[in-house]
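> Protein chains in written order, with the numbering used here: chain A, 1 to 341; chain B, 1001 to 1341. No residue lacks a Cβ here, since even glycine has one placed at the ideal position from N, Cα and C.
Protein chains: 2
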Amino acid sequence: MKRTLLLLAGLTLGACAPADSGTANDSPDAGTRANPLPSWNEGPARTAIIDFVERTTTAGSPDFVPVPERIATFDNDGTLWSEQPIYFQLAFAIDRSKMIAAHNPELAENPLLAALASGDENALASVTEHDLVQLVAETHSGMTLEQYQAIVANWLDVARHPRFGVPYQALIYQPMLELLEYLRAHDYKTFIVSGGGIDFMRVFAEDVYGIPPEQVVGSMGETEFEIRDGVPVLIKQRAMNFVDDKGGKPVGIARFIGRRPVMAWGNSDGDLAMLQYTMGGDGPRFAGYVHHDDADREWAYDRGSHIGGFDKGWDEAVEKGWTVVSMKDEWSKIYPGENLP
Amino acid sequence: MKRTLLLLAGLTLGACAPADSGTANDSPDAGTRANPLPSWNEGPARTAIIDFVERTTTAGSPDFVPVPERIATFDNDGTLWSEQPIYFQLAFAIDRSKMIAAHNPELAENPLLAALASGDENALASVTEHDLVQLVAETHSGMTLEQYQAIVANWLDVARHPRFGVPYQALIYQPMLELLEYLRAHDYKTFIVSGGGIDFMRVFAEDVYGIPPEQVVGSMGETEFEIRDGVPVLIKQRAMNFVDDKGGKPVGIARFIGRRPVMAWGNSDGDLAMLQYTMGGDGPRFAGYVHHDDADREWAYDRGSHIGGFDKGWDEAVEKGWTVVSMKDEWSKIYPGENLP
Chain A
1 MKRTLLLLAG LTLGACAPAD SGTANDSPDA GTRANPLPSW NEGPARTAII DFVERTTTAG
61 SPDFVPVPER IATFDNDGTL WSEQPIYFQL AFAIDRSKMI AAHNPELAEN PLLAALASGD
121 ENALASVTEH DLVQLVAETH SGMTLEQYQA IVANWLDVAR HPRFGVPYQA LIYQPMLELL
181 EYLRAHDYKT FIVSGGGIDF MRVFAEDVYG IPPEQVVGSM GETEFEIRDG VPVLIKQRAM
241 NFVDDKGGKP VGIARFIGRR PVMAWGNSDG DLAMLQYTMG GDGPRFAGYV HHDDADREWA
301 YDRGSHIGGF DKGWDEAVEK GWTVVSMKDE WSKIYPGENL P
Chain B
1001 MKRTLLLLAG LTLGACAPAD SGTANDSPDA GTRANPLPSW NEGPARTAII DFVERTTTAG
1061 SPDFVPVPER IATFDNDGTL WSEQPIYFQL AFAIDRSKMI AAHNPELAEN PLLAALASGD
1121 ENALASVTEH DLVQLVAETH SGMTLEQYQA IVANWLDVAR HPRFGVPYQA LIYQPMLELL
1181 EYLRAHDYKT FIVSGGGIDF MRVFAEDVYG IPPEQVVGSM GETEFEIRDG VPVLIKQRAM
1241 NFVDDKGGKP VGIARFIGRR PVMAWGNSDG DLAMLQYTMG GDGPRFAGYV HHDDADREWA
1301 YDRGSHIGGF DKGWDEAVEK GWTVVSMKDE WSKIYPGENL P
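1. Give a yes or no on whether the C-beta atoms belonging to residue 1393 of chain B and residue 1183 of chain B are separated by under 8 Å.
2. Can you give the Cα-Cα distance for residue 1269 of chain B and residue 1193 of chain B, rounded to whole angstroms?
3. Listed from N- to C-terminal order along the chain, which residues in the region 1137-1168 of chain B have their beta-carbon within a distance smaller than 8 Å of any beta-carbon of chain D?
4. How would you list, in chain order, the residues of chain B whose beta-carbon sits under 9 Å from the beta-carbon of residue 251 of chain A?
5. Buried or exposed for residue 1059 of chain B, please, with buried defined as at least 16 other CB atoms from any protein chain shown within 10 angstroms of its CB.
6. Within 8 Å of any Cβ in chain B, is that where the Cβ of residue 316 of chain A sits?
7. Which same chain residues, not among the five before or five after residue 1063 of chain B, have their C-beta less than 6 Å away from its C-beta?
8. With DSSP collapsed to three states, give me the class of residue 1106 of chain B.
9. Whether or not the region 1289-1296 of chain B and the region 1091-1105 of chain B are in contact is what I'm after, with contact meaning three or more pairs of Cβ atoms, one per stretch, closer than 8 Å; do they touch?
10. Taking the straight line between their C-alpha atoms, what separation do you get for residue 1163 of chain B and residue 1082 of chain B?
11. Mind checking if residue 1289 of chain B is an interface residue toward chain A, Cβ cutoff 8 Å exclusive?
12. Mind checking which residues open and close the beta strand (DSSP E) that includes residue 205 of chain A?
13. Can you name, in chain order, every residue of its own chain whose Cβ lies under 8 Å from the Cβ of residue 48 of chain A, other than the five neighbours on each side?
14. Alpha carbon to alpha carbon, how far is residue 169 of chain A from residue 149 of chain A?
15. Using a Cβ-Cβ cut-off of 8 Å, state whether residue 277 of chain A counts as contacting chain B.
16. Where do the ends of the beta strand (DSSP E) carrying residue 1234 of chain B lie?
17. Can we say the region 1306-1323 of chain B touches the region 1259-1274 of chain B, given the rule of at least three CB pairs closer than 8 Å?
18. If you check the beta carbons only, do residue 1330 of chain B and residue 1046 of chain B fall under 8 Å apart?
19. Count the other CB atoms within 10 Å of the CB of residue 1147 of chain B; is the residue buried (16 or more) or exposed (fewer)?
20. Along the region 67-93 of chain A, where does the CB come closer than 7 Å to a CB of chain B? Name the residues.
21. Is there contact between the region 132-144 of chain A and the region 228-243 of chain A, where contact requires at least three CB pairs shorter than 8 Å?
22. Given residue 1137 of chain B, which residues of its chain have a CB within under 6 Å of its CB, disregarding the five upstream and five downstream residues?
23. Alpha carbon to alpha carbon, how far is residue 186 of chain A from residue 26 of chain A? Give it in angstroms, no decimals.
24. Classify residue 1229 of chain B: buried if its beta carbon has 16 or more other beta carbons within 10 angstroms, exposed otherwise.
25. Which residues in chain A sit within 7 Å of residue 1256 of chain B, going by Cβ to Cβ distance?
26. Can the beta-carbon of residue 176 of chain A be found closer than 8 Å to that of residue 37 of chain A?
27. Determine the burial state of residue 1205 of chain B: buried for a count of at least 16 other Cβ atoms within 10 Å of its Cβ, exposed for fewer.
28. Report yes if the CB atom of residue 1196 of chain B is closer than 8 Å to the CB atom of residue 1218 of chain B, and no otherwise.
29. Whose C-beta lies closer than 6 Å to the C-beta of residue 328 of chain A among residues of the same chain, with five residues either side of it excluded?
30. From the DSSP output, in three-state form, read off residue 1219 of chain B for me.
31. Would you tell me roughly how many angstroms separate the C-alpha atoms of residue 1199 of chain B and residue 167 of chain A, rounded to the nearest one?
32. Between the C-alpha atoms of residue 1266 of chain B and residue 1125 of chain B, what's the straight-line distance to the nearest angstrom?
33. Please decide whether residue 1195 of chain B counts as near chain A, where near means a Cβ-Cβ distance under 8 Å.
34. Let's test the definition: count the other Cβ atoms within 10 Å of the Cβ of residue 1260 of chain B and tell me whether it reaches 16, buried, or not, exposed.
35. Judging by CA-CA distance, which residue of A:276, A:78 and A:258 is the nearest neighbour of residue 246 of chain A?
36. Is the closest heavy atom of the ligand FMN to the C-beta of residue 299 of chain A under 7 Å?
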């Protein structure tokens, strides 16, 4: 049963998300033009998206945006894929911590690492995003970038989500895949701007979202260039360089993209500054906010201070009248896999 | 006379470098296909470039490189435009220092700033790239990113190069513009990877090179996000975040692009690590090295420790047999302007 699920999920993923980003920006096929956003129910969000894209991409429209300025940024965790019961990168860090602890007694004495490796629920509940980036930095320093990314790729192959029993990357949102493709078909350039690790996300972003590495912005550690035995390599360091969350998101956008987005999507306090920055520009702007209100098919949560906080983002999204998407009402399908919700 | 020069330079620039980067990646016109690289004389460099591009972009070729992996990186100073008698960004920093010193007595007491403002040749000769980035950081903190870039744009409008009497951005290399366009016509994505300031270069890179902001990598200061009087802004800070020079170049490539380039171009020790990193990958790789050997039309310099150093880069380029371009012998034209060499 589980095998079938996986197989179906894998097949569907392959069909939905082109691995070749070079073609992702080409013209869409006629089918997509005829019925964009098939997993979005008729409703205010779908209408707002299509209206905005048509206004900003139709020649002669007063809201026309030139192609080079068509920048759309997306948070990843909770916006492009699920983030429950814990951030998927945290699940990776825990698995990694367990293995490291088993082989390195002195590392096992690090309290955070020991707590994570123990799997204790209270310990897990108290882990913040800052802890996570520190943990990843600490458990992944001293190796080359290629070695690190091979470890992530291997984990993505073998790890299974505890609730759905599928690879984590099967839990990307089908409606958001369609939105990414719809935007690219209208010459929008799509970027991830996430608190997650940049080197972590780049392992799968191109395959699953059609977003190439150079369009992924995230948190990052320092890196050092070395010639080791005549071979030039980049070594991941323990020190953090940049945390791409909250006020860091507009900073990351200015640094990596150099242009204010026309459209941005998020789902938490961590995305609020990015949404404010996007809406603070002149001309047409779009802020989208994914509302997790579907406990049956995904999860329901929109308040509280867990995982970096939700209250501020949610309150401002409602107050400012941003495009809040009810997953329950507006998404006919959550995940691409046929046997998934 | 000078007016005519400027006008011609301006007109020619407009014709050579498309301002709309959205079209820069589109198919080239038939003329470019028929005679790529018209300002490159027949010779080893032109032959090596065309051979490499054809090998890596022809379907079925054993050296074929898939489109998403076609990454080409270019140093800016001395590789895409001139860097004599001083880095153009240093000329900007000096002009800026003079104005700041005139209005801010306490800033005028900074020894480096005072020396630069004085225009003293000995003081200028001892300024390093590190001094420059520090100077820019110090004289440009506390303002928004938009304010800073407006100052740069204004300077580019009014400043004139001391030798040629034209705007600095007229001193871009015509053969390199053709190379950038030729690569893009073959679905290479072209990036600047420069020790220069990222926010400085992004002001003109799209207009003069057809390289959009998100494909410009450079040195950068810290930036802070703030809401000022209800308006979200990014404030440039005094502290440096990253110096994109020497070993910093491969780090910047890994951070911003996330893929090892297939082709890289430089002209100094500052570019050596980028060239080593590029050549260290599997499959076909190309390292290009611009040799400044034309004192009549540009400048002649390839040794010594000035401006960050040249000896190590030059020696390794020759020893490894990288594609060294003689500006004197292989470029029929240096600058785009009709009355320029």
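On the basis of the coordinates in this document:
1. Given a span of 1001 to 1341 for chain B in the structure shown, any question on residue 1393 of chain B remains unanswerable.
2. Between residue 1269 of chain B and residue 1193 of chain B, the C-alpha separation is close to 14 Å.
3. Chain labels in this structure do not include chain D; the protein chains are A and B.
4. The contact set of residue 251 of chain A on chain B, defined by CB atoms closer than 9 Å, consists of 1222, 1223, 1224, 1225 and 1234 in chain order.
5. Its Cβ having fewer than 16 others within 10 Å, residue 1059 of chain B is exposed.
6. no
7. 1055, 1056 and 1284
8. helix
9. Taking a contact to require three or more Cβ pairs closer than 8 Å, the region 1091-1105 of chain B and the region 1289-1296 of chain B do not qualify as touching.
10. Cα-Cα distance, rounded: 11 Å.
11. no
12. Residue 205 of chain A -> not in any beta strand (DSSP E); alpha helix (DSSP H) instead, spanning 205-209.
13. 286 and 323
14. 15 Å
15. yes
16. 1231-1242
17. yes
18. yes
19. exposed
20. 67 and 68
21. Touching, per the Cβ criterion.
22. 1221, 1238 and 1240
23. Residue confidence for residue 26 of chain A is low, a pLDDT of 41 falling below 50, so the modelled location carries little weight and cannot support an answer.
24. It is exposed - the Cβ of residue 1229 of chain B has fewer than 16 other Cβ atoms within 10 Å.
25. Within chain A, the residues whose beta carbon sits less than 7 Å from that of residue 1256 of chain B are 214 and 256, listed in sequence order.
26. no
27. buried
28. yes
29. 293 and 294
30. strand
31. 40 Å
32. 22 Å
33. no
34. By the neighbour-count criterion, in which 16 or more other beta carbons inside 10 Å mark a residue as buried, residue 1260 of chain B falls on the buried side.
35. Of the listed residues, the one whose Cα sits closest to residue 246 of chain A is A:276.
36. As far as ligands go, the structure on display features none, and thus does not contain the ligand FMN.
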